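Quick note, the sequence shown lines up with residues 105 to 380 if you use our numbering.
Where is the CB? At the ideal position from N, CA and C, for every residue including glycine.
These figures come from a predicted structure and were not determined experimentally.
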Amino acid sequence: MDLIDVTLGRIPMQVSLRMTMAGVPHGFTTRQGGVSEGIYASLNLGKNRGDDLDKVRENYSRVCSALGVERDKLVFSNQVHGSGVRIVTAEDAGKGLDRRVDYEADGLVTNVEGLVLTVFGADCLTVLLCDPVHRAIGAVHAGWRGTAENIVGQAVRTMKEAYGTRPEDLTAALGPCISRCCFETDEDVPEALRRKLGEDILPYLDGPGEGGKFRVDLKGINALLLQKSGVLREFTDISPDCTLCKPEKYWSHRYTKGERGSQAALIALPGEKVGA
105 MDLIDVTLGR IPMQVSLRMT MAGVPHGFTT RQGGVSEGIY ASLNLGKNRG DDLDKVRENY
165 SRVCSALGVE RDKLVFSNQV HGSGVRIVTA EDAGKGLDRR VDYEADGLVT NVEGLVLTVF
225 GADCLTVLLC DPVHRAIGAV HAGWRGTAEN IVGQAVRTMK EAYGTRPEDL TAALGPCISR
285 CCFETDEDVP EALRRKLGED ILPYLDGPGE GGKFRVDLKG INALLLQKSG VLREFTDISP
345 DCTLCKPEKY WSHRYTKGER GSQAALIALP GEKVGA
(Lines of atoms letter the chains of each structure in order from A and count residues from 1; the text may use other names and numbers.)
(Lines give C-alpha, C1' and ligand atoms only; values in the text may rest on other atoms or scores of the structure.)
Protein backbone atom coordinates (compact mmCIF):
# COMPACT_ATOMS: atom_id res chain seq x y z
CA MET A 1 0.00 0.00 0.00
CA ASP A 2 1.40 3.40 -0.97
CA LEU A 3 1.31 6.69 0.89
CA ILE A 4 -1.87 8.65 0.33
CA ASP A 5 -2.51 12.39 0.13
CA VAL A 6 -4.74 13.81 2.85
CA THR A 7 -5.68 17.25 4.07
CA LEU A 8 -5.58 17.62 7.84
CA GLY A 9 -7.26 20.93 8.52
CA ARG A 10 -5.53 23.31 6.13
CA ILE A 11 -2.33 21.27 5.94
CA PRO A 12 -1.84 18.97 2.92
CA MET A 13 0.26 15.91 3.85
CA GLN A 14 1.03 12.41 2.78
CA VAL A 15 0.39 9.62 5.29
CA SER A 16 0.77 5.87 5.51
CA LEU A 17 -2.62 4.17 5.61
CA ARG A 18 -1.22 1.37 7.77
CA MET A 19 0.15 3.82 10.36
CA THR A 20 -3.10 5.78 10.24
CA MET A 21 -5.07 2.62 10.97
CA ALA A 22 -2.75 1.99 13.92
CA GLY A 23 -3.58 5.44 15.31
CA VAL A 24 -0.05 6.83 14.95
CA PRO A 25 0.09 10.61 14.31
CA HIS A 26 2.47 11.17 11.42
CA GLY A 27 2.84 12.93 8.10
CA PHE A 28 5.09 14.17 5.33
CA THR A 29 4.34 17.86 4.83
CA THR A 30 4.19 19.80 1.58
CA ARG A 31 5.07 23.48 1.14
CA GLN A 32 1.39 24.48 1.28
CA GLY A 33 -0.84 25.66 4.11
CA GLY A 34 1.40 28.00 6.11
CA VAL A 35 1.92 31.71 6.72
CA SER A 36 5.49 32.27 5.49
CA GLU A 37 6.04 34.69 2.62
CA GLY A 38 8.37 35.34 -0.29
CA ILE A 39 10.77 32.52 -1.09
CA TYR A 40 9.49 30.68 2.01
CA ALA A 41 5.82 30.69 1.00
CA SER A 42 4.04 29.17 2.62
CA LEU A 43 4.59 26.18 4.96
CA ASN A 44 8.30 26.54 5.68
CA LEU A 45 9.34 24.35 8.62
CA GLY A 46 13.06 25.14 8.43
CA LYS A 47 13.96 27.21 11.49
CA ASN A 48 17.41 28.18 10.22
CA ARG A 49 16.63 29.01 6.59
CA GLY A 50 16.33 32.79 7.19
CA ASP A 51 12.55 32.93 7.54
CA ASP A 52 10.78 35.01 10.20
CA LEU A 53 10.83 32.83 13.34
CA ASP A 54 7.34 33.85 14.42
CA LYS A 55 5.99 32.64 11.08
CA VAL A 56 7.89 29.36 11.41
CA ARG A 57 6.42 28.85 14.88
CA GLU A 58 2.93 29.51 13.54
CA ASN A 59 3.57 26.98 10.77
CA TYR A 60 4.47 24.41 13.40
CA SER A 61 1.40 25.29 15.45
CA ARG A 62 -0.75 24.53 12.39
CA VAL A 63 1.00 21.25 11.64
CA CYS A 64 0.86 20.08 15.25
CA SER A 65 -2.81 21.02 15.49
CA ALA A 66 -3.54 19.04 12.33
CA LEU A 67 -1.70 16.00 13.68
CA GLY A 68 -3.12 16.31 17.18
CA VAL A 69 0.30 16.56 18.85
CA GLU A 70 1.89 19.11 21.19
CA ARG A 71 4.25 21.69 19.75
CA ASP A 72 6.45 21.70 22.86
CA LYS A 73 7.08 17.96 22.36
CA LEU A 74 8.80 18.44 19.00
CA VAL A 75 12.33 17.00 18.76
CA PHE A 76 14.71 17.99 15.93
CA SER A 77 18.35 17.14 15.26
CA ASN A 78 21.32 18.78 13.63
CA GLN A 79 21.36 16.80 10.37
CA VAL A 80 24.84 16.20 8.95
CA HIS A 81 24.22 13.68 6.13
CA GLY A 82 25.65 10.88 8.25
CA SER A 83 24.49 7.60 9.76
CA GLY A 84 24.12 8.63 13.41
CA VAL A 85 20.87 7.57 15.12
CA ARG A 86 19.95 9.12 18.48
CA ILE A 87 17.78 7.49 21.12
CA VAL A 88 15.45 10.31 22.16
CA THR A 89 14.23 10.62 25.76
CA ALA A 90 11.72 12.85 27.53
CA GLU A 91 14.58 15.24 28.35
CA ASP A 92 14.87 16.08 24.63
CA ALA A 93 11.32 17.48 24.34
CA GLY A 94 11.38 20.90 22.69
CA LYS A 95 14.89 20.63 21.27
CA GLY A 96 14.94 22.32 17.90
CA LEU A 97 12.12 24.83 17.84
CA ASP A 98 12.28 26.20 21.37
CA ARG A 99 15.52 24.74 22.75
CA ARG A 100 19.02 24.32 21.37
CA VAL A 101 19.84 20.99 19.76
CA ASP A 102 23.04 19.76 21.40
CA TYR A 103 23.72 16.72 19.23
CA GLU A 104 24.20 15.69 15.60
CA ALA A 105 22.13 12.87 14.11
CA ASP A 106 20.26 12.01 10.96
CA GLY A 107 18.01 9.49 12.65
CA LEU A 108 15.85 9.70 15.79
CA VAL A 109 14.13 6.84 17.64
CA THR A 110 12.04 6.77 20.81
CA ASN A 111 9.54 4.83 22.87
CA VAL A 112 8.40 7.90 24.83
CA GLU A 113 4.73 8.74 24.36
CA GLY A 114 3.98 12.17 22.95
CA LEU A 115 7.41 13.10 21.62
CA VAL A 116 7.22 14.26 18.00
CA LEU A 117 10.28 13.09 16.06
CA THR A 118 10.97 15.53 13.23
CA VAL A 119 13.39 15.29 10.30
CA PHE A 120 13.73 17.56 7.28
CA GLY A 121 14.15 17.34 3.54
CA ALA A 122 14.01 19.37 0.36
CA ASP A 123 15.04 16.67 -2.15
CA CYS A 124 16.60 14.27 0.39
CA LEU A 125 14.52 11.25 1.39
CA THR A 126 12.80 11.09 4.77
CA VAL A 127 11.64 7.80 6.30
CA LEU A 128 9.26 7.10 9.18
CA LEU A 129 9.24 3.84 11.17
CA CYS A 130 6.67 2.40 13.57
CA ASP A 131 6.83 -0.70 15.77
CA PRO A 132 3.27 -1.19 17.08
CA VAL A 133 4.22 -4.27 19.10
CA HIS A 134 7.00 -2.81 21.26
CA ARG A 135 5.59 0.73 20.90
CA ALA A 136 8.53 2.52 19.36
CA ILE A 137 8.97 4.92 16.43
CA GLY A 138 11.74 6.35 14.29
CA ALA A 139 12.39 9.17 11.83
CA VAL A 140 15.30 9.22 9.37
CA HIS A 141 16.85 11.74 6.99
CA ALA A 142 18.50 9.83 4.13
CA GLY A 143 20.33 11.85 1.52
CA TRP A 144 22.64 9.94 -0.77
CA ARG A 145 25.48 10.07 1.76
CA GLY A 146 23.30 8.74 4.56
CA THR A 147 21.94 6.14 2.16
CA ALA A 148 25.50 5.03 1.34
CA GLU A 149 26.05 4.52 5.09
CA ASN A 150 22.75 2.58 5.33
CA ILE A 151 21.21 4.89 7.91
CA VAL A 152 17.82 3.15 7.60
CA GLY A 153 19.46 -0.13 8.53
CA GLN A 154 21.15 1.56 11.46
CA ALA A 155 17.81 2.93 12.64
CA VAL A 156 16.28 -0.56 12.52
CA ARG A 157 19.23 -2.00 14.45
CA THR A 158 19.00 0.76 17.06
CA MET A 159 15.29 0.09 17.59
CA LYS A 160 16.00 -3.64 17.86
CA GLU A 161 18.73 -3.13 20.47
CA ALA A 162 16.95 -0.40 22.46
CA TYR A 163 13.35 -1.61 22.39
CA GLY A 164 13.39 -5.25 21.29
CA THR A 165 11.86 -4.36 17.92
CA ARG A 166 11.50 -7.22 15.48
CA PRO A 167 12.05 -5.85 11.95
CA GLU A 168 9.14 -7.90 10.60
CA ASP A 169 6.78 -5.94 12.88
CA LEU A 170 7.86 -2.56 11.52
CA THR A 171 5.88 -0.37 9.18
CA ALA A 172 8.12 1.89 7.08
CA ALA A 173 6.97 4.94 5.12
CA LEU A 174 9.26 6.57 2.52
CA GLY A 175 8.30 10.14 1.75
CA PRO A 176 8.57 12.41 -1.28
CA CYS A 177 12.11 13.15 -2.47
CA ILE A 178 14.00 13.77 -5.67
CA SER A 179 13.29 10.63 -7.64
CA ARG A 180 14.98 8.51 -10.26
CA CYS A 181 13.48 10.64 -13.02
CA CYS A 182 15.35 13.75 -11.84
CA PHE A 183 18.23 12.75 -9.54
CA GLU A 184 20.99 13.30 -12.08
CA THR A 185 24.57 13.06 -10.82
CA ASP A 186 28.16 12.61 -11.85
CA GLU A 187 29.78 9.19 -11.56
CA ASP A 188 31.09 9.77 -8.03
CA VAL A 189 27.66 9.38 -6.40
CA PRO A 190 26.63 6.02 -7.91
CA GLU A 191 30.18 4.74 -7.49
CA ALA A 192 30.20 5.65 -3.80
CA LEU A 193 26.83 3.97 -3.34
CA ARG A 194 27.94 0.83 -5.19
CA ARG A 195 31.21 0.66 -3.27
CA LYS A 196 29.47 0.96 0.10
CA LEU A 197 26.34 -1.09 -0.57
CA GLY A 198 27.41 -3.66 -3.14
CA GLU A 199 26.14 -4.91 -6.48
CA ASP A 200 22.56 -5.42 -5.29
CA ILE A 201 21.82 -1.72 -5.82
CA LEU A 202 22.77 -1.72 -9.51
CA PRO A 203 19.09 -2.00 -10.62
CA TYR A 204 18.54 1.38 -8.92
CA LEU A 205 21.31 3.15 -10.87
CA ASP A 206 21.04 4.33 -14.47
CA GLY A 207 23.78 5.56 -16.77
CA PRO A 208 25.95 6.86 -18.00
CA GLY A 209 23.58 8.77 -20.22
CA GLU A 210 23.73 12.05 -22.06
CA GLY A 211 26.73 14.10 -20.93
CA GLY A 212 28.05 11.16 -18.92
CA LYS A 213 25.40 11.67 -16.23
CA PHE A 214 23.88 8.99 -14.00
CA ARG A 215 20.50 8.71 -12.27
CA VAL A 216 19.87 7.36 -8.79
CA ASP A 217 16.73 5.87 -7.22
CA LEU A 218 17.01 6.79 -3.52
CA LYS A 219 13.60 5.35 -2.68
CA GLY A 220 14.39 2.04 -4.35
CA ILE A 221 17.75 1.71 -2.64
CA ASN A 222 16.37 2.51 0.80
CA ALA A 223 13.42 0.15 0.32
CA LEU A 224 15.96 -2.57 -0.54
CA LEU A 225 18.05 -1.74 2.55
CA LEU A 226 14.96 -1.95 4.74
CA GLN A 227 14.13 -5.35 3.25
CA LYS A 228 17.69 -6.51 3.93
CA SER A 229 17.19 -5.36 7.52
CA GLY A 230 14.13 -7.60 7.80
CA VAL A 231 11.32 -5.09 7.16
CA LEU A 232 8.58 -6.71 5.08
CA ARG A 233 7.99 -5.24 1.62
CA GLU A 234 4.23 -5.33 2.13
CA PHE A 235 4.69 -3.14 5.22
CA THR A 236 6.75 -0.54 3.31
CA ASP A 237 4.83 2.43 1.87
CA ILE A 238 6.58 4.51 -0.79
CA SER A 239 5.50 7.94 -2.01
CA PRO A 240 5.44 8.20 -5.80
CA ASP A 241 6.11 11.95 -5.71
CA CYS A 242 9.30 13.63 -6.93
CA THR A 243 10.11 16.94 -5.25
CA LEU A 244 11.85 18.31 -8.33
CA CYS A 245 8.96 17.37 -10.60
CA LYS A 246 6.45 19.17 -8.34
CA PRO A 247 8.09 22.40 -7.09
CA GLU A 248 4.69 24.00 -6.56
CA LYS A 249 3.87 21.28 -4.01
CA TYR A 250 7.25 20.52 -2.42
CA TRP A 251 10.43 22.32 -1.51
CA SER A 252 13.23 21.30 -3.89
CA HIS A 253 16.78 22.43 -3.22
CA ARG A 254 17.77 21.85 -6.84
CA TYR A 255 14.79 23.67 -8.30
CA THR A 256 15.19 26.75 -6.08
CA LYS A 257 19.02 26.66 -6.16
CA GLY A 258 18.96 26.73 -2.38
CA GLU A 259 16.59 29.69 -1.96
CA ARG A 260 13.87 27.80 -0.13
CA GLY A 261 12.15 26.54 2.96
CA SER A 262 12.01 22.95 4.21
CA GLN A 263 9.32 20.34 4.58
CA ALA A 264 9.31 17.86 7.44
CA ALA A 265 8.44 14.28 8.25
CA LEU A 266 6.93 13.94 11.72
CA ILE A 267 5.81 11.00 13.84
CA ALA A 268 4.62 10.62 17.44
CA LEU A 269 3.72 7.70 19.68
CA PRO A 270 0.15 7.99 20.92
CA GLY A 271 -0.76 7.59 24.57
CA GLU A 272 -2.93 4.51 24.17
CA LYS A 273 -1.98 1.11 22.77
CA VAL A 274 -0.96 1.18 19.12
CA GLY A 275 -2.77 -1.33 16.92
CA ALA A 276 -0.85 -3.98 15.04
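query: With H, G and I counted as helix, E and B as strand and the rest as coil, what does DSSP make of GLU208?; result: strand
query: Do you know offhand how far LEU201's Cα is from GLY313's?; result: 43 Å
query: Keeping to the same chain, check which residues put their C-beta closer than 6 Å to that of ASP321; ignore five residues upstream and five downstream.; result: ARG284, TYR308
query: Given a cut-off of 7 Å, decide if ASP210 and SER356 are closer than it, judged by their beta-carbon atoms.; result: no
query: Can you grab the Cα-Cα spacing for the pair ARG122 / LEU149, in whole Å?; result: 25 Å
query: Identify every residue that forms a DSSP beta bridge with LEU116.; result: The identity of residue 116 in the sequence shown is Pro, whereas the question assumes Leu. According to DSSP, PRO116 bridges with THR111.
query: If you count every other CB in all the chains shown that lies within 10 Å of the CB of CYS168, and 16 or more means buried, which is it?; result: buried
query: Tell me the rounded alpha-carbon separation between VAL216 and PRO344.; result: 31 Å
query: So is ILE371 buried or exposed if we call it buried at 16+ other beta carbons inside 10 Å?; result: buried
query: How far does the beta strand (DSSP E) with HIS130 in it reach, from first residue to last?; result: 130 to 133
query: Compute the Euclidean distance between the alpha carbons of GLU156 and TYR164, then round it to the nearest angstrom.; result: Correcting the residue type first, residue 156 is Asp in the shown sequence and not Glu. Rounded to whole angstroms, ASP156 to TYR164 spans 13 Å at the Cα level.
query: Here's the rule: buried if 16 or more other CB atoms are within 10 angstroms of the residue's CB, otherwise exposed. What is ASP158?; result: exposed
query: Compare the C-alpha of GLN367 against each of VAL223, LEU348, ILE282 and name the closest.; result: VAL223
query: Taking only the alpha-carbon atoms, compute the straight-line gap between GLU288 and GLY375 and give it to the nearest angstrom.; result: 43 Å
query: Of all the beta strand (DSSP E) runs that stay within the bounds of the stretch 229 to 291, which reach a length of 3 or more residues?; result: 229 to 235, 240 to 246, 275 to 278
query: Just curious, the alpha helix (DSSP H) that GLY324 is in, first and last residue?; result: 322 to 332
query: Find the nearest neighbour of LEU229 within the set GLY324, CYS281, GLN331, judged by alpha-carbon distance.; result: CYS281
query: CB-CB under 6 Å to LYS112, same chain, minus the five flanking residues each way: which ones, in chain order?; result: Reading off the sequence, residue 112 comes out as Leu, not Lys. Same-chain partners within the cutoff: ALA170.
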